[in-house]
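Residue numbers (the working numbering), protein chains in the order written: chain A, 34 to 181; chain B, 12 to 479; chain C, 3 to 357.
In this text, a Cβ means the ideal position worked out from N, Cα and C, and glycines have one as well.
See below for the structure under consideration.
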């Protein structure tokens, strides 16, 4: 009887200690992911379908800028008469990325000399179709580009 | 006695009169010295028994002028230009139909100044086509066509945009030069454009429409027997049909692809001289031509009178270029001149170009495989796959830069592609690592949880025991 | 130290009475008592939903232009985002299953009988809310499946005569499923439903605690000493906790080996994908509606179907009222048969719907 009473308390407290340790370890395995979840991922936000492509005074007239739009490149142009235009920058010929040529006042593809005018129409070279046009709106300081 | 003689004489006279068909038109008009009637004597129609009235109508047996030229007897006088094809067509029906279907027929319908049968064949002095004096014989036809088609003021009435320098150009061509020397086999206007049924060039039925031109040129140029005396090859069409240009035009109906006339010219057709090749190819392949012009190859090729682009790419059998063209191995093109790898100055450049291109193509394939593998495991690599598409642009630009035949431009344009490949590879590896991390993590947490569950169960048992 | 803490609490909250009451609570222990756990499992899964839902709220952006992208962001960029999202989706389905089982086990043991009618009524409302949670949450990722399932589902509400059309327009925030529908469903899912649910759940749990766990019918004839009980605290609670831990592990395993798909972003202009159907817990209704002929006498087949379901639901809800036998201690075979019929019907229709 005495031995039983002696071993019982130690067995009980051993089990209790082990249980407490186990609970603590398990709680940690729950809390750690939750904390990690709150850490800001490298890309601060999801890429929406409407982004601020540039600041209003970033481009002069007759200048263009290629920027990332979702998962594709797009091109923002301020035309010689001050209008904002935006198009997909994926050339309709063999999918190279186009750029703005201020000497030609047109959009140009370096790969095979494809040329698009400022309405996106394919006017010279191999491109078979015009560039997809996007919508441009200005709000405050920013120029926003969204899918038409 | 004299009476008998008179009867005999008048009988003979009458016999003569009946033997020859009475043609008062001719007899009267030759008497008056009409140039048309005089010319008509040598006309092929007259020599075959046709007379004025067969075209002009009227009664050739009537002695009286008014009776002969009687509208009641079908006399029409000088026919209106628009009626001429109909008149000729009463016998030459096929040609009339062809003529009316073609552009010349349409022009005549709109404008009486337009071309008629007589514009080319002559009016009262029509000769056989093969007759060397005929205006439509092989050696004269081009001048005949040029009467109108080199006349800017005339052509403007019908098509203000139509060029009027074809004849001039033709004279500079091989065809024109041979024609001038009396070679009836050389191509003339009608050889390509057809004689009566002339369609507009843009009309897909025209033998000189973009997609039909190679076939038209091949009619002569692929005919071994026909071309035997000229001692030039006759495999151009066959080669062309297999080339990228030929397949694009003939199989894929891509009208922007070059046909024979794009490089050789159409009216001024001549093979471009060795020095002109780069300019000709450069009309479309501008970037390549510009790079080539500044490269060492141009200087060396010109010194050796080698035809630039054709040296590597061939003239008619232009195949899709492969990266394997660069290198020293037996299949490559560089190796045919740059044979001595050890001492050749070009060797490091060739090696650099080859390894750069391989880096891009192999890197792209490897990265794609890795991302596919990650995707199969259920990981999301959509973004990495998208950015990998940029490698294609880098590849296109790098392959163009090869024409600089220098190391730096090639490596420069490959750099962004290689960067994208490296990033994609990283993303792929990260995805695969994440996959295993998740399973390991699950293992660890399951272990912890099992421990906890077991201990809790023991604790419950313990409590229950205590309660008894 | 423990006693010092409890003294501190007692001085401020006067909970000693409550603690005494709780210590005396007991749970009937018999062959079928393991069914009792499903209430607790449902509660646990609800807690999981609240926790994972709040975490998802940290990154989710409602609106047709951003919803899909934000969910994609969560599962691909946020650390453990994939885990939280998959657990949320799996737990939702398991919770629906769990409340079905809980409801039917309560039904067959007639635990709804006097004095526990209110527990049954509040429970049925909770059940309806769980389905509403499922329906509203399903739209939030704004992918092809959720868009069309919502379209079909809200279309059926319009079938109800008189009030159907306005209800549909209220749900859809308009005549079509648009970004406004999405934000409305979002508001319902994260604010309105949770608020109502919490209030009614509190009532439901309070009633259970105050009234104690219902004893099986057979025990009405037993003498007191023959009835076996286990203490609620700590035995039943610890056993419940054990089960909850196992369920948590099951969720983790499901999240890792069967991650919830995201699919493609919804395109309202694309045709509905072939074989579009609602989530499995609505399938039995969807499938049975298909079997009703298009026209029954003067009425639209669909209207008849929806109304029949409405009537069935109402009868089910009101079972404490029309079950007269059980309070008298008699065996109500009708209730049992009705229940078995319902179970078979639901399972059969669900299987047919899945095919």
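Since residue i meets chain A, which of its residues come closer than 8 Å, beta carbon to beta carbon?
i: residue 81 of chain C; result: 66, 69, 70, 72, 74
i: residue 57 of chain C; result: 67, 70
What does residue i touch in chain C if you count any residue whose Cβ is under 8 Å from its own?
i: residue 175 of chain B; result: What residue 175 of chain B touches in chain C: nothing, since even the nearest Cβ is about 54 Å away.
i: residue 5 of chain B; result: Residue numbering for chain B in the displayed model covers 12 to 479; residue 5 of chain B lies beyond these limits and cannot be assessed.
On the DSSP letters alone, give me the boundaries of the beta strand (DSSP E) that residue i sits inside.
i: residue 157 of chain A; result: 155-157
i: residue 28 of chain C; result: 28-30
i: residue 178 of chain A; result: 175-180
i: residue 232 of chain C; result: 231-233
Considering only C-alpha positions, which residue in the set the options is nearest to residue i?
i: residue 179 of chain C; options: C:352, C:22, C:271; result: C:271
i: residue 282 of chain C; options: C:303, C:257, C:92, C:173; result: C:92
i: residue 253 of chain C; options: B:306, B:453, B:379, B:54; result: B:453
i: residue 121 of chain A; options: A:113, A:155, A:115, A:92; result: A:155
i: residue 422 of chain B; options: B:434, B:367, B:231; result: B:367
i: residue 117 of chain A; options: A:178, A:53, A:48, A:49; result: A:178
i: residue 121 of chain C; options: C:219, C:212, C:229; result: C:212
i: residue 301 of chain B; options: B:289, B:311, B:310; result: B:289
i: residue 108 of chain C; options: C:327, C:338, C:28; result: C:338
i: residue 31 of chain C; options: C:313, C:10, C:241, C:176; result: C:241
i: residue 218 of chain C; options: C:29, C:11, C:293, C:15; result: C:29
i: residue 131 of chain B; options: B:116, B:152, B:117; result: B:152
i: residue 280 of chain B; options: B:179, B:56, B:245, B:256; result: B:179
Which chain C residues sit within Cβ distance under 7 Å of residue i?
i: residue 468 of chain B; result: 244
Tell me where the alpha helix (DSSP H) around residue i begins and ends.
i: residue 5 of chain C; result: 4-15
i: residue 245 of chain B; result: No alpha helix (DSSP H) contains residue 245 of chain B, which DSSP labels as neither H nor E.
i: residue 131 of chain B; result: 128-132
i: residue 195 of chain C; result: 195-213
i: residue 380 of chain B; result: 358-387
i: residue 108 of chain B; result: 104-112
i: residue 324 of chain B; result: 320-324
i: residue 317 of chain B; result: Residue 317 of chain B -> no alpha helix (DSSP H), and no H or E assigned at all.
i: residue 228 of chain B; result: 224-232
i: residue 255 of chain C; result: 239-259
i: residue 262 of chain B; result: First-last for residue 262 of chain B: undefined, no H or E at that position.
Mind listing the chain B neighbours of residue i? Cutoff is C-beta to C-beta under 7 Å, in chain order.
i: residue 258 of chain C; result: 449, 450, 453
i: residue 78 of chain C; result: 391
i: residue 179 of chain A; result: Here the premise fails: no neighbours, minimum Cβ distance about 19 Å.
For a contact meaning CB atoms closer than 9 Å, what does residue i contact in chain A?
i: residue 86 of chain C; result: 66, 67, 70
i: residue 408 of chain B; result: 129, 143, 144
i: residue 298 of chain B; result: 143, 144, 145, 146
Taking residue i as the query, report the chain A residues whose CB atoms sit under 7 Å from its CB, ordered along the chain.
i: residue 383 of chain B; result: In chain order: nothing, as chain A lies at least about 18 Å away.
i: residue 462 of chain B; result: 55
i: residue 246 of chain B; result: Per Cβ cutoff of 7 Å: no residues; residue 246 of chain B is ~29 Å from chain A at best.
By the criterion of Cβ-Cβ separation under 9 Å, what are the contact partners of residue i in chain C?
i: residue 457 of chain B; result: 251, 254, 255
i: residue 361 of chain B; result: Going along chain C, no residue has its Cβ under 9 Å from residue 361 of chain B, so there is no contact; the nearest lies around 43 Å.
Going along chain B, which residues have a C-beta under 8 Å from residue i?
i: residue 51 of chain A; result: 466
i: residue 280 of chain C; result: Simply none; closest approach about 25 Å.
Just to make sure I have the definition right: I need the residues of chain B whose C-beta is within less than 9 Å of the C-beta of residue i. Which are they?
i: residue 58 of chain A; result: 459, 462, 463
- Going along the chain, which unbroken runs of the alpha helix (DSSP H) with 4 or more residues stay wholly within the segment 299-356 of chain C? As far as the segment 299-356 of chain C is concerned, its whole alpha helix (DSSP H) runs of at least 4 residues are 303-319, 321-324, 335-356.
- Please go through the segment 147-219 of chain B and give each complete alpha helix (DSSP H) segment of 4 or more residues, from N-terminal end onward. 152-160, 163-167, 177-183, 185-191, 200-204
- Please list the segments of the beta strand (DSSP E) lying wholly inside the segment 99-165 of chain A, counting only runs of 3 or more residues, in order along the chain. 105-111, 117-121, 132-134, 139-142, 147-149, 155-157
- Item | Continuous beta strand (DSSP E) assignments of at least 3 residues falling wholly in the segment 37-96 of chain B | none
- Message: Quick check: the segment 166-175 of chain B against the segment 137-150 of chain B, are at least 3 beta-carbon pairs closer than 8 Å?
- Response: no
- Task: Mind the definition here: the segment 81-88 of chain B touches the segment 53-73 of chain B only if three or more C-beta pairs lie below 8 Å; say whether that holds.
- Result: Yes, the segment 81-88 of chain B touches the segment 53-73 of chain B.
- At a cut of 8 Å, does the segment 462-474 of chain B reach the segment 50-70 of chain A through at least three beta carbon pairs? yes
- Task: List in chain order: all unbroken beta strand (DSSP E) runs of 3+ residues lying wholly within the segment 47-93 of chain C.
- Result: Runs of the beta strand (DSSP E) spanning 3 or more residues and lying entirely within the segment 47-93 of chain C do not occur at all.
- Item | Secondary structure, alpha helix (DSSP H): runs of 4+ residues fully inside the segment 397-429 of chain B | 401-412
- Within the segment 131-171 of chain C, note down every full alpha helix (DSSP H) run reaching 4 residues or more, in order along the chain. Along the length of the segment 131-171 of chain C, whole alpha helix (DSSP H) runs at least 4 residues long occupy 146-159, reported in chain order.
- Message: Tell me whether the segment 49-60 of chain C and the segment 233-244 of chain C touch, counting them as touching only if at least three CB pairs, one residue from each stretch, are closer than 8 Å.
- Response: Put simply, the segment 49-60 of chain C does not touch the segment 233-244 of chain C. Fewer than three CB pairs are less than 8 Å apart.
- For the segment 85-105 of chain C and the segment 22-41 of chain C, state whether three or more C-beta atom pairs, one from each stretch, are separated by less than 8 Å. Counting Cβ pairs under 8 Å, three or more are found: they touch.
- Item | Length at least 3, wholly inside the segment 442-472 of chain B: the beta strand (DSSP E) runs in chain order | none
- Could you tell me whether the segment 87-98 of chain A touches the segment 107-114 of chain A, using the rule of 3 or more Cβ pairs below 8 Å? The segment 87-98 of chain A makes contact with the segment 107-114 of chain A: 3 or more CB pairs, one atom from each, lie closer than 8 Å.
- Stretch-stretch touch, CB-based, cutoff 8 Å, three pairs: the segment 338-351 of chain B with the segment 256-264 of chain B: With the cut-off at 8 Å, the segment 338-351 of chain B and the segment 256-264 of chain B do not touch.
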